[in-house]
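**Student:** Sharing a structure with you now.
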Ligand code: ADP
Ligand code: MG
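In structure tokens:
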């Protein structure tokens, strides 16, 4: 393009546009934060900045259409019929899209001016319902952050409380959190929402820095007036159940929830179906801050993938509902021992019935998803395929029921959280759907492809009428061919002129007078006759009636399912519970994990513990993981870990942290025996990680994170500090590390793993009650360091820094000089400790 591109902002008040462009400008002004897809005949077109963005995002050609103030108006477009996949890709990139379609055709058009156009649909990543966009079974969350409210806490201090609401419109999952203190502590923040709405006034706020860095591109603002203290949208969504559904939530949570539901309602023009909101409070959940989650690679690895994570290693679910429930349990760790034990008991049930487990998993796999097709049905955008999916889920669930009900064990044993599973099915509905619907169903309504033959007398009669008319067309064709002696004569139909008789030009002389010419082409001519018109009319009439009739039967079925929504929700819930518990049992049996004994006592005892992710990776390479024990109790709650680099300190500390997380999921752990005392919070930090994007150096990050832990940890917390205090000079690093150790032991007293290279710290053993030194075994063999990866009581005598450097391949000359210097330093017993 030679000219400068015209920008919308500069020209939106310009009066010199063509009528169609003026219509575009007005529509775009009403939808400023969306990409406006403007229908022009068979195309959707985008203009101005929208066109530039879309062309770049989708790699489309950018052209121009007309001018504004002498500058080119950038334009890009795509055929309407192909737009869906483009739109899904844009949603995937965080964009919001508005479809402005023609609501009249040139034939129906009234007065002068451009065709009437209207925005009929707004699509956003967080409210999307369509199957193509939601290809992953994982939750698709929309998040709203309400402005903080000042409240007095129980110690009388005034504090800011943030309200966060998170919803998956496609499943109805709904979570609320009131978060005191910094947003870093918010649990819901890390749930990977696809769209986030924050009050306009806070968009640039310093306190939202973390949110902006975590979720660049999906943050949008919501007018501050949308955050209210009245809750009409919630009342509409829940009806008479509203007070009960929200009784235990604070004002700030309800405000966030209201803004969220209001947004969904305005976007979709439909009240969403929502489950009862779940509260994520610190009282009954283990708090894990953002740094800990990131560091322990629970849902996402440090490189941003979902593989090589704890969740990935533990997830063997076979249904969409199961996968989502399991993920939610990993994201909201329960702190209630009763709940966890009930979950464990369910897992244990399957572990003791492996044959039944095997059969169940095969049957469950046929259920696929229930919530998403149901939600589309409830929101009035159901496809025949969705109805078919629900029918198939019902059939599969009946099979599950049969399998379980015929099993004595299922009838007798206590099964923990599975005790609530009723296996109730709606056999009548299932039979009706089976009887009426075709086996395979299309994504959009197609005449004759939805309702079976022989199930509805009226529909059959209409279809017969249509069949007769079709046969009439064939008969007429044959009759014309024979009587006119034109063997190639054909009766055809198309969208432009409907039914017609096509005769090749060379037979033109044989065409009788009652044939009316409709269209003359080079090779042939197209005619119609009264007889043909009659039959065509009959055909379109009976087809139309058949369509109405088939659609009506379909709609009745949809309504019937809508009435049974609670039954479907219950089935979905039961399938999820069965899937989660049985898949965890499957993993446990396959990988030899066990269910830990849970206690409120401040202990952590493990035999044969392994790191689930590292073990899997080593297994793939044909190697074995060295299992390690841990016996942490009241007298030795603080473990000071020393040992050379690469010895396995970090792996060991993390594997123990991961077992604590698994205990709080109610899941089995990679060990041969374990007793795990529950925690109220888990903190994990690794030294030496720069966050230059935030403008903090290594050392500053370390200190900020350590400060957060020292302020927040309680005696019931679990802390892992991995080589903290290295980013500064040896002396003050050692001093700070030493002071942190004393503080954690004397002022907090929480269970802690603390790894360090400051071997001096091991001298605190015996001086500080609770501190015990542990080290990782290494041997030197023919001048080479051999890592045994086994943990035992004691202190590392040396750092083996040079040996590790040799392993890494530092040049010999460097190693020789380093070795001489080290000898001298150690001889002098200089002030510097070994690095
Ligand atoms: P450190 O923190 O002491 O420097 P790491 O924990 O990072 O050491 O371990 C270094 C490497 O050693 C890991 O990447 C892993 O491959 C291997 N490793 C650690 N622990 C074990 C173990 N218990 N069994 C087998 N390999 C291990
Ligand atoms: Mg390490």
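In our numbering, the protein residues as written are 3 to 837. Every residue gets a Cβ at the ideal spot worked out from N, C-alpha and C, and that includes glycine.
1. Would you say the beta carbon of residue 725 comes nearer than 8 Å to a heavy atom of the ligand MG?
2. Between which two residues does the alpha helix (DSSP H) containing residue 120 stretch?
3. With a threshold of 8 Å (Cβ to nearest heavy atom), would residue 630 be considered close to the ligand MG?
4. Can you list every residue whose CB sits closer than 5 Å to some heavy atom of the ligand ADP, going in chain order?
5. Indicate, with yes or no, if the ligand MG has a heavy atom lying under 8 Å from the CB of residue 757.
6. Considering only C-alpha positions, which residue in the set 206, 152, 266, 348 is nearest to residue 252?
7. If I measure Cβ to Cβ from residue 657 and keep anything under 8 Å in the same chain, skipping five residues before and after, which residues do I get?
8. How far does the beta strand (DSSP E) with residue 150 in it reach, from first residue to last?
9. From residue 120 to residue 512, what does the alpha carbon distance come to, in whole angstroms?
10. The beta strand (DSSP E) that contains residue 606, what's its start and end?
11. Closer than 8 Å is the cut-off here; do at least three beta carbon pairs connect the segment 383-395 with the segment 436-456?
12. Use the C-beta contact count for residue 403: other C-beta atoms within 10 angstroms, 16 or more gives buried, fewer gives exposed.
13. From residue 837 to residue 759, what does the alpha carbon distance come to, in whole angstroms?
14. To which residues of the same chain is residue 491 closer than 6 Å at the C-beta, ignoring the five residues directly before and after it?
15. For residue 694, does the three-state DSSP call read helix, strand or coil?
16. For residue 205, which three-state DSSP category applies?
17. What's the C-alpha gap between residue 710 and residue 184?
18. In chain order, what residues of the same chain have a beta carbon less than 7 Å from the beta carbon of residue 721, not counting five sequence neighbours either side?
19. Count Cβ pairs between the segment 138-145 and the segment 194-210 that sit closer than 8 Å; are there 3 or more?
20. Just the C-alpha distance for residue 485 and residue 479, rounded to the nearest angstrom, thanks.
21. Quick one: grab the DSSP three-state call for residue 111.
22. Residues in the same chain with beta-carbon distance under 8 Å from residue 823, minus the five sequence neighbours each way, listed in chain order, please.
23. Classify residue 93 as buried or exposed, calling it buried when 16 or more other Cβ atoms lie within 10 Å of its own Cβ.
24. Under the rule that 16 or more other beta-carbon atoms within 10 Å means buried, what is residue 913, buried or exposed?
25. Is the beta carbon of residue 38 closer than 9 Å to that of residue 49?
26. Just to check, is the beta-carbon of residue 1 closer than 8 Å to a non-hydrogen atom of the ligand MG?
27. Once the 5 residues before and after residue 240 are set aside, which same chain residues still bring their CB inside 6 Å of it?
28. Count the other CB atoms, across all protein chains shown, that sit within 10 Å of the CB of residue 694; report buried if there are 16 or more and exposed otherwise.
29. With distance defined between alpha-carbon atoms, name the residue in 520, 498, 471 nearest to residue 546.
30. With distances taken between CB atoms, is the gap from residue 647 to residue 683 smaller than 9 Å?
31. If I follow the unbroken beta strand (DSSP E) through residue 31, where does it start and stop?
32. Can you give me the C-alpha to C-alpha distance between residue 829 and residue 775, rounded to a whole angstrom?
33. If we ignore side chains and look at the alpha-carbon of each, how far apart do residue 334 and residue 189 end up?
34. For residue 280, which of helix, strand or coil comes out of DSSP?
35. Going along the chain, which residues of its own chain have a beta-carbon closer than 6 Å to the beta-carbon of residue 62, five neighbours each way excluded?
**Tutor:** In this structure, then:
1. On the chain shown, position 723 is the one that residue 725 refers to. At least one heavy atom of the ligand MG is nearer than 8 Å to the Cβ of residue 725, so yes.
2. Numbered from 1 along the chain shown, position 118 holds the residue referred to as residue 120. The continuous stretches of alpha helix (DSSP H) do not include residue 120, which lies in the beta strand (DSSP E) extending over residues 119-125.
3. The residue labelled residue 630 in the question sits at position 628 within the chain shown. Every heavy atom of the ligand MG is 8 Å or more from the Cβ of residue 630, so no.
4. Ordered along the chain, the selected set is 627, 628, 647, 648, 649, 650, 651, 652, 653, 791.
5. Here residue 757 corresponds to residue number 755 of the chain shown, with the count starting at 1. Residue 757: yes, Cβ under 8 Å from the ligand MG.
6. Position 250 of the chain shown, counting from 1, holds the residue named residue 252. That would be 152, whose Cα lies nearest to the Cα of residue 252.
7. In the chain shown, residue 657 corresponds to position 655, counting from 1. Taken in chain order, the residues that qualify are 611, 612, 613, 614, 616, 630, 672.
8. Translated into the one-based positions of the chain shown, residue 150 becomes position 148. Note, residue 150: beta strand (DSSP E), 144-154.
9. On the chain shown, position 118 is the one that residue 120 refers to. On the chain shown, position 510 is the one that residue 512 refers to. Spanning the two alpha carbons is a distance of roughly 51 Å.
10. Walking along the chain shown from the start, residue 606 turns up at place 604. 606-611 is the extent of the beta strand (DSSP E) around residue 606.
11. yes
12. Counting from one through the chain shown, the residue named residue 403 turns up at place 401. That one is buried.
13. Within the chain shown, residue 837 is the residue found at index 835, counting from 1. Within the chain shown, residue 759 is the residue found at index 757, counting from 1. With a pLDDT of 40 at residue 837, under the threshold of 50, the modelled position of that residue is not reliable, and the figure given next carries that caveat. The straight-line gap from Cα to Cα measures roughly 7 Å.
14. The residue given as residue 491 occupies position 489 in the chain shown. Excluding sequence neighbours, residue 491 sits near 482, 483, 505.
15. Here residue 694 is taken as the residue at index 692 of the chain shown, counted from 1. Annotation note: pLDDT 47 at residue 694 (below 50); position unreliable, coordinate value reported separately. Here residue 694 sits in helix by DSSP.
16. Within the chain shown, the letter at position 203 stands for residue 205. In the three-state DSSP reduction, residue 205 falls in the coil class, being neither helix nor strand.
17. Within the chain shown, numbered from 1, the residue matching residue 710 stands at position 708. Within the chain shown, numbered from 1, the residue matching residue 184 stands at position 182. If you take the alpha carbons of residue 710 and residue 184, they lie about 10 Å apart.
18. Numbered from 1 along the chain shown, position 719 holds the residue referred to as residue 721. So the list reads 685, 711, 715, 746, 752, 754, once near-sequence residues are dropped.
19. yes
20. The residue given as residue 485 occupies position 483 in the chain shown. The residue given as residue 479 occupies position 477 in the chain shown. Straight-line Cα distance between these residues: approximately 10 Å.
21. The residue given as residue 111 occupies position 109 in the chain shown. Coil.
22. Residue 823 sits at position 821 when you count from the first residue of the chain shown. Apart from sequence neighbours up to five positions away, no residue of its chain approaches residue 823 with a beta-carbon distance below 8 Å.
23. Walking along the chain shown from the start, residue 93 turns up at place 91. By the neighbour-count rule (16 or more Cβ atoms within 10 Å), residue 93 is buried.
24. The first residue shown for the chain is 3 and the last is 837, placing residue 913 beyond what the model contains.
25. Locating residue 49 in the chain shown gives position 47, counting from the first residue. Locating residue 38 in the chain shown gives position 36, counting from the first residue. Yes.
26. Nothing in the structure corresponds to residue 1, since the chain is present only between 3 and 837.
27. As a first step, residue 240 must be located in the chain shown, where it is residue number 238. Result list for residue 240: 247, in chain order.
28. Numbered from its first residue, the chain shown carries residue 694 at position 692. Low per-residue confidence applies at residue 694: pLDDT is 47, beneath 50, and the placement is therefore not dependable, though the value from the model is reported in the following sentence. That one is exposed.
29. For the purposes of this step, residue 546 is identified with residue 544 of the chain shown, where counting begins at 1. The option with the nearest alpha carbon to residue 546 is 471.
30. Within the chain shown, numbered from 1, the residue matching residue 647 stands at position 645. Within the chain shown, numbered from 1, the residue matching residue 683 stands at position 681. Result no, Cβ atoms of residue 647 and residue 683 do not sit closer than 9 Å.
31. By 1-based counting over the chain shown, the position of residue 31 is 29. No beta strand (DSSP E) holds residue 31; the alpha helix (DSSP H) holding it covers 21-32.
32. Looking up residue 829 in the chain shown gives position 827. Looking up residue 775 in the chain shown gives position 773. Distance between the alpha carbons of residue 829 and residue 775: 26 Å.
33. As a first step, residue 334 must be located in the chain shown, where it is residue number 332. As a first step, residue 189 must be located in the chain shown, where it is residue number 187. So the alpha carbons of these two residues sit roughly 7 Å apart.
34. Here residue 280 corresponds to residue number 278 of the chain shown, with the count starting at 1. Residue state, collapsed to three classes: strand.
35. Sequence index remark: in the chain shown, residue 62 carries index 60 (1-based). Scanning its chain for C-beta atoms nearer than 6 Å, with the 5 sequence neighbours on each side dropped, one finds around residue 62 the residues 78, in chain order.
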